[in-house]
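Okay, so the sequence shown: first residue is 1 according to UniProt numbering, each after it adds one. The C-beta atom is built at its ideal place from N, Cα and C for all residues, glycine as well. Data first, discussion second: the structure below is written as structure tokens.
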Amino acid sequence: MKKIVLLCASGMSTSMLVKKMKEAAAADNYDCSIDAFSASEAATKAADADCVLLGPQIRFQKNKIAEQLPGIPVDAIDMRMYGRMDGKGTLDFARKLMKD
């Protein structure tokens, strides 16, 4: 089972996207866990993740977060995809990031 972690300023806005991503994963019969946390929790909550997606509002923290999580792919979610709360598109982006 793959573990996907979304990070944002407080973990609130990404919670809505997590719900949409879980729906997309269920529709695809894709076995994964998807959770959202505050960026300040990256080192503890995402240390065992298969990939980490950042909300667009914290994309400037990408290098800092990647340094805290060596070996884990980290990237920012596209602003348009995030704004549309595109669960399927974001899940596909995560799978591509994990080379899954």
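Residue i - containing alpha helix (DSSP H), residue span
i	result
S15	13 to 27
F93	87 to 97
A47	Where A47 is concerned, there is no enclosing alpha helix (DSSP H), given that its DSSP letter is neither H nor E.
Rounded C-alpha distance that separates residue i from residue j
i	j	result
L7	V52	7 Å
Q61	A46	15 Å
I65	A27	31 Å
K16	M85	Sequence check: residue 16 is Met here, not Lys. Cα to Cα, M16 sits roughly 7 Å from M85.
Identified DSSP bridge partners for residue i
i	result
A76	L54
L69	Answer by DSSP bridge pairing: none, since L69 is not bridged.
A36	L6
Nearest to residue i (by Cα), restricted to the options the options
i	options	result
P56	K22, A27, V74	V74
S10	N29, Q68, K3, I58	I58
M12	D28, F37, K22, T44	F37
G87	T14, K2, K3	T14
A49	K20, Q68, M79, I72	I72
Per-residue burial, residue i [other beta carbons within 10 Å of its own, 16 or more giving buried]
i	result
A43	exposed
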